[in-house]
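Peer 1: I have a structure here, written as structure tokens, and I will follow up with some questions on it.
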Amino acid sequence: MAVEILPTHTSELFQKAVRRAAELLRAGEVVALPTETVYGLAANALDKNAVAKIFQIKGRPAHNPIIVHVASNEMARDCVKDFPNLAERFSKAFWPGPLTLVLPRAETIPNLVTAGGETVGVRWPSHPFMQAVIRECGFPLAAPSANLSNQVSPTSAAHVRAQLGEKISLIVDGGQSQVGIESTVLDLTVSPPRVLRPGMIHEESLAAVCGEIQSLNSKVQSRDSALRSPGLLEKHYSPKAKLVVMDWTDEADLGAKISSFKFQRSVIHLIVHTKIPAGFAAENVCVIPHDAEAFARALYGELHRCDAAGAKLIVVEALPSASEWSGIADRLRRASA
Ligand code: TXA
Ligand code: MG
């Protein structure tokens, strides 16, 4: 099966792609669509047979629930049993955008979507194409990231094609994902609300809405959260190469630290933001600006590029500890687990 890749860069192409994607989704098919965080592998969230195909294509374990994407507060309300005032406040502050709210599920949401649980994760994405398709369909879309299970999420149509091109019939190219890492997942069924997956909407921003937030900081907390949100299982978001996050004082220090890994320099790739080393081939050094948003946007693309280039070791320069970087630090920690 040759995968169809539809561009969206003119309004005619955009509309044509919306109609084609909606047609397939109505027929119970699975399609890859752009969102502002990462590309999603979407199906009609109300159709369990369609959702089952997502699990099959990704090789996703059945115990991992899938986020449901909506294009209005009304649609979000239809997916949940109760949309409390707190949810209203978070939606007002951050939707459409990279925040998933975990709430008690509505009866209409199939068990497969919630992995048999009593809650559902709901998100109103800001990407105009995703919004247009959801509106055209009139039903919510279940969509995990459009990668094989446990691999790095795609932030471009090309990344999706490389992993899933043989398994799906349509990829819509909506350009590079502008956020670049997956949404923040916030559990509103506990008090105070708890971050199950950090993201670019960080704890300080969330706390500004509701005062107090439970974080992922303590060990006990993370083990408990992992059970609540299987996507938090340690091994996740990984490139094929070994990935390490490290700090170094000067080139000699970097050289010494790297040599302990026993790889030839030609298969070592570096991703840096501040300290630019000279003793490596230029094509093995990627410099991303020292800015959390820019770093998040570029990171997965660089990990995909390193894998494609046959990297054996990816060295990422240690990140600042400020909260803007916490979502990125979380993904790097998992990628290096
Ligand atoms: O940005 C995103 O969230 C992207 C785009 C496509 O929207 N989607 C995404 O989906 O990252 P996925 O399936 O790759 O990750 C969803 C995460 C998983 O860690 C899953 O365990 C968690 O959200 N999750 C989903 N529903 C949940 C629920 N009801 N309770 C707890 N965790 C849930
Ligand atoms: Mg994923």
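Quick note: to get our numbering, add 3 to the position in the sequence shown (first position is 1).
Backbone N, C-alpha and C define an ideal beta-carbon position, used for all residues, glycine too.
(1) Given 6 Å as the limit, tell me if P128 has its C-beta closer than that to any heavy atom belonging to the ligand MG.
(2) DSSP three-state call for P131: helix, strand or coil?
(3) Output yes or no for whether 7 Å exceeds the beta carbon distance between L144 and A48.
(4) Which two residues bound the contiguous beta strand (DSSP E) that contains G124?
(5) Looking at the ligand TXA, does it come within less than 6 Å of P147, judged from the CB to the closest heavy atom?
(6) Starting from L316, follow its DSSP beta bridges and name the residues at the other end.
(7) Across which residues does DSSP place V34 in a beta bridge pair?
(8) For the ligand TXA, I want to know if S186 counts as a neighbour, meaning its beta carbon is within less than 6 Å of at least one of the ligand's heavy atoms.
(9) Quick one: what's got a C-beta closer than 6 Å to M133's C-beta in the same chain, skipping five residues either side?
(10) Hey, which unbroken runs of the beta strand (DSSP E) at 3 residues or more fall wholly within the region 186 to 217?
(11) Considering just the uninterrupted stretch of the alpha helix (DSSP H) at E26, what are its terminal residues?
(12) If we require 3 or more residues per run, which beta strand (DSSP E) segments fall completely within the region 68 to 110?
(13) Helix or strand or just coil, what does DSSP make of V182?
(14) Check each candidate in V318, A118 and T103 and name the one with the smallest Cα separation from W3.
(15) My output table needs one value for S225: the three-state DSSP class, helix, strand or coil.
(16) For F283, does the count of other Cβ atoms within 10 angstroms reach 16, so buried, or fall short, so exposed?
(17) Within this structure, are the beta carbons of V248 and L167 separated by less than 7 Å?
(18) If you draw a straight line from the C-alpha of Q59 to the C-alpha of A96, how long is it?
(19) Sort out for me which residues DSSP pairs Q59 with in a bridge.
Peer 2: Let me lay it out:
(1) no
(2) helix
(3) yes
(4) T122 to R126
(5) yes
(6) K245 and I271
(7) A45
(8) yes
(9) L36 and T38
(10) 187 to 190 and 197 to 200
(11) S14 to R29
(12) 102 to 107
(13) coil
(14) Any answer about residue 3 is impossible in this case: the structure gives the chain only from 4 up to 340.
(15) Summary for S225: the model assigns pLDDT 48, below 50, so the residue's position carries little reliability, and this model does not support an answer.
(16) buried
(17) no
(18) 35 Å
(19) Looking at the DSSP assignment, Q59 forms no beta bridge with any residue, so it has no partner.
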